[in-house]
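Since the structure comes first, as structure tokens, the remarks are kept for the end.
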DNA sequence: CATGAATGAGTTTTCATTCAT
DNA sequence: TATGAATGAAAACTCATTCAT
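Residue numbers (the working numbering), protein chains in the order written: chain Z, 655 to 869; chain R, 655 to 869; chain L, 655 to 869; chain U, 655 to 869.
Rendered as structure tokens:
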């Protein structure tokens, strides 16, 4: 199912279908989406979509997956800059790194509000989907963040708290801000909302000594 | 449409319908719910539901409203205990009050996971619903919380930050924790998750002096 | 599902639907039948058919059942005339009774060629249908015929042969004649074909002594 | 379209396709058969099937034809043994020959139950097919059997009855026995059923004198 | 010639909503 | 006012057939 396994042509068609599926699912919601509409927009027959994706549910899941991929790419590009986490911490400190991670998420969702809708639709229609469309819900990303916090605690930058709880809090905060913030719409609103929230979160985590030192 | 305007009998029937609508909408989702099922469970004819609620969408909205009402009642009962906010602050301090508010939300949603689903379904199917099913999204409750924070800042208990942002952060955090926490299921999981998250949030808000004093 | 359990009105509607289902299924075959056509001819909405019969397959099976009922009624009326088998044998002799049974089947199918098609469609589309649409395939009718032959053998009217085999032969002969005879069409063709075939069958069964006596 | 006109390679491919078409049509029925499945099993592209057979209906008809061919070959091999009918009668007598013909049919259908299904599907989906899949329904074979009976009557072996009716009876009896017998399944069941039925049929045809003589 | 991706007409089935009783 | 049978619009999905490669 991965694009690499397909001919360039088939992969291209897949991309076109997914692009329009994304936009229609986001605008209409899963239940109110008529696959025919996606087919028309994508300029292919309905049968072609069913041939490629099997059924409406799988088409949606592929769309969610696609979002996730774009999100992951964006995050990596914004934060990673090809360096590994350790180097990044060296460079900017954990606090700034957490800020940048949160900002990257916010930026992505602000630029791609449809991705927020997909995330919500997925939660609503596929309670138990195997592939949650939000990176921070996924085990591998959580583990990475856990480690980030752990090490900051070890170095005394952060207060010592239960890492899993802190990661949960971060994920929930970003998720909640994104979901609730994307409605209000204005330019920069979402990024602002997430940033401000994360500032409080960080303030809640940094060690008192660090706070004093800053002053 | 309010119960007070109805005969006791009609109001009772309304309650029965709403109770089953809640459970079915929560289990099946809005789109996958067959009104006939609700009618059967409620022991009334389908026509009766349409007579009372107009159409499926309004039935859902009434159900969401109903959840909101129950939530509000529960919060008032848990936190308010008939005293006003000012008295409560006097009694237990802002920090403890915020803790209690958060705990109350968590407890409600843990006891009524269907309410979480309703909240999600509402967001998914009625993006622009006039009546968000989560109290903290509603203007009147936000204003109250804004005031709570404002006064704490005035008294120097909390650091001075933008009140709206802080309230957003609190609402988003609680919302995110509830939505993501309710899936993991275990007894007490949701309350624990919310509490831990709010602890960090509070830590991020209290004034350094307060922190020192505590030590 | 039986008509007696329905209101007269619902039963009437059921009859109308079945009448048209019969004619369409017979003309088009099961697979080529569009339920919409039946609905249009019956003057009801498509939903009504689905409400009454569940799905296309069950509609067909109900149609087959309906044929069977009509066939059974016809046979009883033609042959039985309210007398029991024993009396009938007394009256006309086994040979004549077998002739009359076969003639009754033939007459029914000649008057209702659609019933032949239903029988064939059922065999083709529901190999393992629980309710074969041909009376002689059904256990209760077979048992009756077995007894008829048995007694004739006991009385020395028929040669002694394996009763089950003889009943099979009779059922297969009538079935084959009906299925193959109904295509040729002409008035009386089917009855003639069955009668001639049964004459040979009977000749094959009667005891030699009986034959001699006749001469 | 005959194999002789094709290159050996094309003929081989045709055979492979027909073999799988037979098995799929028999298992699924005409309407429920997906040509793609046949193509996959045969290891060819769907287009190839359409190139060879034109459309699904013609593919089915070719399959039926193919069955017919195999049946004819089998009958000829079992009964004919390269001798002509007259010689065979000389050798074993009409009665035994009729027995052998019936047994040969039964054996073929018992070994190839798919052929029974094809016969039924053909009757169900192509009421008016030009090429009935049962040999005994076909003019040339009927004429041959007619002659067989005629001569037996002329020789006084068989009672004098209308030849066409007798042939019909034989064809219908074998057809009915095969169609109804193939469901019951057990080894030898079908052959037994047909033999027993034909025994009665023969008894019904042989001349009384012959019967006496036997005694 | 062979292929198999693309197509879209055609069917089944569901269910919100209505309305006669 | 309550009911639940009737309706038919709407949508998912299939698959025979075509045709560009």
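Glycine is no exception: its CB is placed at the ideal position from the N, C-alpha and C atoms.
Between the alpha carbons of residue 838 of chain U and residue 745 of chain U lies a distance of about 35 angstroms. Within 9 angstroms of the CB of residue 755 of chain R, no CB atom of chain Z is found; the nearest one sits about 16 angstroms away. For residue 728 of chain Z, the three-state secondary structure derived from DSSP is helix. Looking at Z/749, Z/682, Z/722, the one whose alpha-carbon comes closest to that of residue 810 of chain Z is Z/749. Secondary structure at residue 812 of chain Z: strand, using DSSP grouped into helix, strand and coil. Two segments are said to touch when three or more pairs of C-beta atoms, one from each, lie closer than 8 angstroms; by this definition the stretch 749-761 of chain R does not touch the stretch 710-720 of chain R. Per DSSP, reduced to three states, the secondary structure at residue 785 of chain L is coil, with no helix or strand assignment. Residue 776 of chain R is positioned such that its CB atom lies closer than 8 angstroms to that of residue 718 of chain R. The alpha-carbon separation between residue 676 of chain L and residue 670 of chain U amounts to approximately 39 angstroms.
Counted as a single uninterrupted DSSP element, the alpha helix (DSSP H) harbouring residue 741 of chain Z occupies residues 739-765. The C-beta of residue 763 of chain U comes no closer than 8 angstroms to any C-beta of chain L. Contact between the stretch 850-857 of chain Z and the stretch 816-831 of chain Z is present: 3 or more CB-CB pairs across the two stretches fall below 8 angstroms.
Looking at the backbone, the Cα of residue 703 of chain Z and that of residue 693 of chain Z are separated by about 7 angstroms.
When the alpha-carbon of residue 832 of chain U is set against those of U/707, U/690, U/773, the nearest one is in U/773.
Boundaries cannot be given for residue 687 of chain L, as no alpha helix (DSSP H) includes it and DSSP labels it neither H nor E.
Listed along chain R, the residues sitting closer than 9 angstroms to residue 847 of chain Z by beta-carbon distance are 819, 822, 823, 826. Of all residues in the stretch 791-821 of chain U, the ones placed with a Cβ closer than 8 angstroms to any Cβ belonging to chain L are 791, 813, 815, 816, 819, 820, in chain order. The C-alpha of residue 725 of chain U is placed about 10 angstroms away from the C-alpha of residue 731 of chain U. For residue 856 of chain Z, the neighbours in chain R by C-beta distance under 8 angstroms run, in chain order, 858. For residue 664 of chain U, the enclosing alpha helix (DSSP H) has its first and last residue at 662-682.
Within a 10 Å sphere around the beta-carbon of residue 830 of chain Z sit 16 or more other beta-carbons, which makes this residue buried.
Interface with chain Z (8 angstroms Cβ-Cβ cutoff): residue 778 of chain R is included. The beta carbons of residue 856 of chain U and residue 683 of chain L sit no closer together than 8 angstroms. Contacts with chain L (Cβ-Cβ distance below 7 angstroms) from the stretch 706-717 of chain U involve no residue at all. Taking a Cβ-Cβ cut-off of 7 angstroms, residue 759 of chain Z has no neighbours in chain R, whose nearest Cβ is about 12 angstroms from it. Listed along chain L are 819, 822, 823, 826, 827, each with a C-beta nearer than 8 angstroms to that of residue 851 of chain U. Taken through DSSP and simplified to helix, strand or coil, residue 852 of chain Z comes out as helix. Taking a C-beta cut-off of 7 angstroms against chain U, none of the residues of the stretch 687-705 of chain L qualify.
Under the three-state reduction of DSSP, residue 770 of chain U is assigned to helix. DSSP, reduced to helix, strand and coil, places residue 833 of chain Z within a helical segment of the structure shown. In this structure, the beta-carbon distance from residue 739 of chain R to residue 802 of chain R falls below 8 angstroms. Counting the other CB atoms within 10 Å of its CB gives residue 701 of chain Z a total below 16, which places it among the exposed residues.
Where residue 707 of chain Z is concerned, the enclosing alpha helix (DSSP H) starts and stops at 700-707. Cβ atoms of residue 784 of chain Z and residue 722 of chain Z stay farther apart than 8 angstroms, at about 12 angstroms.
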